[in-house]
Amino acid sequence: MNFENVFLQYQKMIYNLAWRIMGNKEDAEDITQEVAMKIYRNLHKCKGEGFLSAWIAKITHNTCMDVLRRKKGKHTTSLDDVVELGDGEVQVQMQDNEASPEELLLQKEISGQIESALQKLPPEFRSLVVLRDVNGYSYEEIAEILDLPKGTVKSRIFRGRIKLKDILLREQII
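For the sequence shown, our numbering begins at 918 and goes up steadily by one.
Here is the structure:
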């Protein structure tokens, strides 16, 4: 396994996971670089190519949690943040050529609202919901990534989904 090939293959996954957990582009970019350094230093410790995705996701998750712990209580806003009119920053999505402009606008608005609600979840629930419902990892893979019992993973995802639903209902998104 060569670092350059591994990083090129997983760079997008690292960035997307970091962006979903952290909620902003700048942190996701910083974490992607930090994870790249950790992979470079520790690639020889990976059990094999079959474990690579879970191993990299675990490093990414742990790096995000470390940054969130360091930031706890320190709310900052970047001067580079994109500000849009409406309910905040909206995630860029690939357009479906068959959808009407109205449907696309509605999808974009709902996606932005869900992303905003997701950012209001406590990090321990947010990361689990993102790993399961956004990235599609199995309960077993998440348990391995986070070094948690499978039952704990299932219960936290369940509680995270309930909290997310409560936020969406409270903000009248659904």
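C-beta: ideal position from N, C-alpha, C; glycine also.
Since the model is a prediction, treat every value here as computed from it, not as a measurement.
Item: Considering just the uninterrupted stretch of the alpha helix (DSSP H) at Cys981, what are its terminal residues?; Value: Leu969 to Lys988
Item: With DSSP run on the structure shown, which of helix, strand or coil describes Met939?; Value: helix
Item: Could you check whether Asp1050 and Ile1079 sit closer than 9 Å to each other, using their CB atoms as the reference points?; Value: no
Item: To the nearest whole angstrom, what separates the beta carbons of Trp972 and Cys981, a pair I think is in contact under 8 Å?; Value: So it is not a contact: roughly 15 Å between Cβ atoms.
Item: Taking the continuous alpha helix (DSSP H) assigned at Tyr1077, which residues delimit it?; Value: Strictly speaking, residue 1077 in this sequence is Gly, with Tyr absent from that position. Residues Lys1067 to Arg1087.
Item: If you reduce the DSSP assignment to three classes, tell me which class Gly1029 lands in.; Value: helix
Item: How would you call Met954, buried or exposed, if buried means at least 16 neighbouring beta carbons within 10 angstroms?; Value: exposed
Item: In whole angstroms, what is the alpha-carbon distance linking Gln1089 and Gln950?; Value: 37 Å
Item: Can you give me the C-alpha to C-alpha distance between Glu1020 and Ser1028, rounded to a whole angstrom?; Value: 12 Å
Item: My understanding is that Val923 touches Ile956, with C-beta atoms under 8 Å, so please give their C-beta distance in whole angstroms.; Value: 6 Å
Item: Go ahead and label Leu1081 buried or exposed: buried means 16 or more other beta carbons lie within 10 angstroms of its beta carbon, across all protein chains shown.; Value: buried
Item: Could you pull out every residue in the same chain whose Cβ sits closer than 7 Å to the Cβ of Ala1034, ignoring the five residues on either side in sequence?; Value: Leu1081, Ile1084, Leu1085, Glu1088 and Ile1090
Item: Mark His978 as exposed unless 16 or more other C-beta atoms lie within 10 angstroms of its C-beta, in which case mark it buried.; Value: buried
Item: Using a 10 Å radius around the Cβ and a threshold of 16 neighbouring Cβ atoms, would you call Leu1038 buried or exposed?; Value: buried
Item: CA-CA distance, Lys988 and Ile938?; Value: 13 Å
Item: What does a CB cutoff of less than 7 Å around Glu1058 pick up in its chain, not counting 5 residues either side in sequence?; Value: Ala971
Item: Rank Asn919, Gln1030, Lys1025 and Tyr927 by C-alpha distance to the C-alpha of Asn1052 and give the top, closest one.; Value: Tyr927
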